[in-house]
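Shown next, in structure tokens, is the structure this report addresses.
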Amino acid sequence: MAACCAAVAATAAAAVPVAAGLGVLTDPVRRHVGGGGFLKVATLAALPEDGTPRKFPVVATRVDAWSRSPGVPVGAVYLRRVQGARVEALNVSCPHAGCSVDFDADRHQFRCPCHDSLFGIDGGITDRRSPSARPLDALEVQVREGGEVWVRFQNFRAGTAQKIPIA
Amino acid sequence: MNRLFDWLDHRTGYRSLVHEALHENVPGGSRWRYIWGSALTFGIFVQFITGLFLWMAYSPSAGSAWESVYYIQNEMTAGWLLRGIHHSMAQLMTVLLVLHFMQVVIDGAYKAPREINFWFGLGLLGVVLALSLTGYLLPWDQKGYWATRVATNIAGVTPLIGPWVQRILIGGPDYGHHTLTRFFALHAGWLPGLLVVLIAGHIYLFRKHGLTAAEPRRKADEPFWPDQVLKDAVASLAVMAAVLVMIFWPRISGAGGPLGADLSAPADPSELYSAARPEWYFLFLFQLLKYFPGESEVWGAIVLPGVGISILLAMPFLGRWRLGHRFNIVFLATGLAGAAALTLLAWRADRLSPEFQVARRMADREAERMMVLAGSPLGIPPSGGASLLRQDPFIQGPKLFAKHCSSCHRWGGEDGQGGIPRDPASAADLKGFATREWLAGLLDPARVATSNYFGGTKLSDGKMSRFVRKEVSRFTPAQREELTGVLAAISAEAGLRGQAKADRRDAALIARGREVIRTDSMRCTECHAFRKADEDASAPELTGYGSREWLIALVGDPAHARFYGKRNDRMPRFAADQVLDAESIGLVVDWLRGDWYEPGEPHARASH
Ligand code: FES
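In the order they appear, the protein sequences are chains A and B. First residue of the first sequence? That's 8 in my numbering, and the numbers climb one at a time after it. First residue of the second sequence? That's 14 in my numbering, and the numbers climb one at a time after it.
In structure tokens:
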């Protein structure tokens, strides 16, 4: 009886600080990315007419735990003219494990410098042996007045065939 | 004295403790092959000491981690040495641990009753690897940042729990302050704590079961003290010496470069970092991932390593069978050979990849430049080191040039970053723009219409080009001399830093040159405006030619009447059409003018 009570008492006493600690430890699971709106990234005039992709930083207000920094790069995208004024945007982050992909102008393809995933100019997988499970992540684009190119910038979970936004 | 010790012993019983520690029986006498445990304990001790001192100067947040490490490395007394020891010892310990592990397996030291101690040892190996994985991120430089992204994304593909594990590890949806605080708590708190527990258990069990004696025993048994202790001390000294050799290797080998541990540019999620690689002893896992396409990644990243670890854990049981011990040795040998082969493949792939070599060079260049900027008298702003790099013409100029200018222009025949663009040049080569030499080329009948100047443009047969080819070519020696003055005068308008001395020295020549332009004896002002408004000017203004203000205005809108007006060829109106923002234009212009902070200057020019 005494042994049992001792065990209960000790566990109860220890459970309080541990529970508080676990609360903080798992806090990130309950946090979500804000924003998700469209951001101005470039203008049409800055995109080569021949459809060559060009990399642009995405500048936004970055909220990182306690700090809020307006006007800092939060990621980058490749923009490419498709026909005339239509623009396609790809997140530079490799869907395999998150390195940023390079554009190889000579071979007209994207190549990830980490594990050599290859992607076509539209972001599609061109080589079946590519480690990446899905094409580069396309982002929503709006071409607004004055040729401004706005992108809805999002990051997606790495390593999955499905495109799952990090929320 | 003895009375004092007696007194102490009476209160503490320390003598029996010392006796216990030093008089452990070493079966077969002291031997060099028994040093591993002590050498490793010494290594861990060094990591604790150096780590604690590093901790006293380190600040784990996205806005201060890199900066504090920079400060340790470059400003604090012996900071580079402290970092160097911590970093090199981590590498060496990994090697020693693997060697120790091999010895244990080969000697069969995992056999009953030592199974649990074997697992403790494996646990220690795991903790040490986890320490190096977490430590890699702490400087918050590009290298650590990108490697950690890959490592945590791989943790994220673990079935079921992956995404949660990843998020708890990185402390939020994205990498930032909490990634650092968490990694730091792991690196300096949880993992070392676990390490101490495991070592205590390891040593306790080791003492309980005694050494696994290497047969045949060559000598009679001896106590641990003094012979084995001497051997262990010599081994520790050798370990320390090896660490020092590693630290001073850049000097010893003559390769040069900073001593201590390297520090690349501050982490920046928008800057591609194509040189991202993990620490060398994780390279085999990195390489392994290349062979698992698509969603089979989980096999390479989780399942295969998991099976390997399970077999290691099962070794004591496997070892009971007759062939089990052999199997264990063969398994370990194959595993290590496989890892070595994968590491070599990864190295080879990088050595043979021109892209990787370029990325490496750029990364080194940025790292070096960061040291210069952070060391400038202006120092690091509260916004952190990364912003210094973002505002530096020396680094950003070539990138912007390669991206926005090099499809037509060249810089010394290249795209500004050492690459050669696909299409041939179709506008002037801007290396040395507005210097006397550059202008002399423009006024050279043999060169004006080459691709270095007007060759590729529609001005190739324009008025200026014709003037140079038809008239300048027939200049008399006296006129040539006048031309030298004119060139010096126009070039002086730019106020280039690299020419400041020459401009001061040749003040008289420049004054004469100005006179020549003004009096129009060389017909410059027929088309160009100079030092006064000129409604009819039809060519770029010469007042302030090549100065910062002039170039920014030209790049911003070349089709402005002040410059090419309607005759502008294909040059985009970078500001007028919002292709580039004012800051970027300023960066390219400063870079073209050779205007960036150089070490030793009184103030940084990086931010105009
Ligand atoms: S991160 Fe791109 S291929 Fe692995």
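No residue lacks a Cβ here, since even glycine has one placed at the ideal position from N, Cα and C. All values derive from a computational prediction rather than experimental measurement.
So, for residue i: in the same chain, excluding its five sequence neighbours on each side, which residues have a beta-carbon less than 7 Å away from its beta-carbon?
i                : result
Leu211 (chain B) : Phe133, Gly136, Leu137, Val140
Phe45 (chain A)  : Gln149, Trp157, Val158, Arg159
Gly214 (chain B) : Phe133
Arg75 (chain A)  : Thr68
Leu326 (chain B) : Trp132, Leu135
Arg460 (chain B) : Gly454, Tyr466
Please determine, among the options, the residue with the shortest C-alpha to C-alpha distance to residue i.
i                : options                                : result
Arg151 (chain A) : A:Thr133, A:Ala92, A:His115            : A:Ala92
Lys303 (chain B) : A:Glu155, A:Arg61, A:Ile173, A:Asp134  : A:Asp134
Ile62 (chain B)  : B:Arg46, B:Leu95, B:Leu349             : B:Leu95
Arg510 (chain B) : B:Asp603, B:Gly270, B:Pro306           : B:Asp603
Ser139 (chain A) : A:Asp123, A:Val89, A:Gly28             : A:Asp123
Ala491 (chain B) : B:Val529, B:Ala507, B:Lys476           : B:Val529
Asp590 (chain B) : B:Arg580, B:Glu596, B:Asp570, B:Leu600 : B:Asp570
Met375 (chain B) : B:Arg561, B:Ser277, B:Pro263           : B:Ser277
Gly30 (chain A)  : B:Leu150, B:Tyr47, B:Leu326, B:Ile181  : B:Ile181
Tyr286 (chain B) : B:Arg162, B:Ile48, B:Ala70, B:Val118   : B:Arg162
Pro236 (chain B) : B:Val242, B:Asn87, B:Asn38, B:Ser77    : B:Asn38
Tyr294 (chain B) : B:Arg525, B:Tyr149, B:Gly92, B:Asn15   : B:Tyr149
Ala574 (chain B) : B:Asp547, B:Pro585, B:Ala588, B:Glu310 : B:Asp547
Ser389 (chain B) : B:Asp405, B:Arg378, B:Asp377           : B:Asp405
Arg290 (chain B) : B:Asp363, B:Phe488, B:Asp516, B:Phe197 : B:Asp363
Asp516 (chain B) : B:Arg531, B:Val170, B:Val499           : B:Val499
Arg230 (chain B) : B:Gly392, B:Arg44, B:Asp436, B:Arg580  : B:Arg44
Gly82 (chain A)  : A:Arg88, A:Thr50, A:Val89, A:Val99     : A:Val99
Asp281 (chain B) : B:Arg403, B:Ala246, B:Gly432, B:Ala314 : B:Arg403
Trp360 (chain B) : B:Leu296, B:Arg378, B:Asp187           : B:Leu296
If contacts are defined as beta-carbon pairs under 8 Å, then residue i and residue j qualify, I think. What distance do you get, rounded to the angstrom?
i                : j                : result
Pro120 (chain A) : Asp109 (chain A) : 6 Å
Leu53 (chain B)  : Met115 (chain B) : That belief does not hold up - the Cβ atoms of Leu53 (chain B) and Met115 (chain B) are roughly 13 Å apart, past 8 Å.
Leu109 (chain B) : Gly41 (chain B)  : 23 Å between Cβ atoms; not a contact.
Pro152 (chain B) : Trp79 (chain B)  : 6 Å
Ala507 (chain B) : Tyr558 (chain B) : 6 Å
Tyr83 (chain B)  : Pro329 (chain B) : Not really, about 47 Å apart at Cβ, beyond 8 Å.
Gly43 (chain A)  : Asn166 (chain B) : About 21 Å; that fails the 8 Å criterion.
Asp144 (chain A) : Phe126 (chain A) : Not quite, the Cβ-Cβ distance comes to about 10 Å (not below 8 Å), so this is no contact.
Ala502 (chain B) : Arg536 (chain B) : 15 Å between Cβ atoms; not a contact.
Phe197 (chain B) : Pro73 (chain B)  : 4 Å
Gln370 (chain B) : Thr448 (chain B) : Actually they are not in contact, since the Cβ atoms of Gln370 (chain B) and Thr448 (chain B) sit about 31 Å apart, beyond 8 Å.
Given a threshold of 16 other Cβ atoms within 10 Å of its Cβ, counted over all protein chains shown, does residue i qualify as buried or as exposed?
i                : result
Gly334 (chain B) : For the record, residue 334 (chain B) in the displayed sequence is Trp; it is not Gly. With fewer than 16 Cβ atoms within 10 Å of its Cβ, Trp334 (chain B) is classed as exposed.
Val23 (chain A)  : exposed
Val641 (chain B) : Summary: the structure shown does not reach residue 641 (chain B), with chain B confined to residues 14 through 621, and so no result is reported for it.
Glu450 (chain B) : exposed
Lys471 (chain B) : exposed
Gly157 (chain B) : buried
Gln155 (chain B) : buried
Cys12 (chain A)  : exposed
Val118 (chain B) : buried
Gly58 (chain A)  : exposed
Ser396 (chain B) : exposed
Thr33 (chain A)  : exposed
Ala165 (chain A) : buried
Glu33 (chain B)  : exposed
Lys483 (chain B) : exposed
Asn15 (chain B)  : exposed
Trp73 (chain A)  : exposed
Ser77 (chain B)  : buried
Here's a check: name, in chain order, each residue in its chain whose Cβ is nearer than 6 Å to the Cβ of residue i, leaving out the five neighbours to either side.
i                : result
Ala103 (chain B) : Ser145
Ser551 (chain B) : Cys540
Gly426 (chain B) : none
Asp582 (chain B) : Thr470, Lys471
Leu564 (chain B) : Val602
Ala75 (chain B)  : Gly189, His190
Ser597 (chain B) : Leu413
Leu358 (chain B) : Gln300
Gly410 (chain B) : Leu600, Val601, Trp604
Ala96 (chain A)  : Val84, Leu86, Leu146, Val148, Val158
Ala617 (chain B) : For Ala617 (chain B), the predicted model reports a pLDDT of 47, less than 50, meaning its position is unreliable and no value from the coordinates is stated.
Arg195 (chain B) : Gly184
Can you list, in chain order, the residues of its chain with a C-beta nearer than 8 Å to that of residue i? Leave out the 5 residues immediately preceding and following it.
i               : result
Leu67 (chain B) : Ile85, Leu95, Arg96, His99
For the ligand FES, residues whose Cβ lies under 5 Å from any non-hydrogen atom | In chain order, the hits are A:Cys101, A:His103, A:Ala104, A:Cys106, A:Cys119, A:Cys121, A:His122, A:Ser124, A:Pro138.
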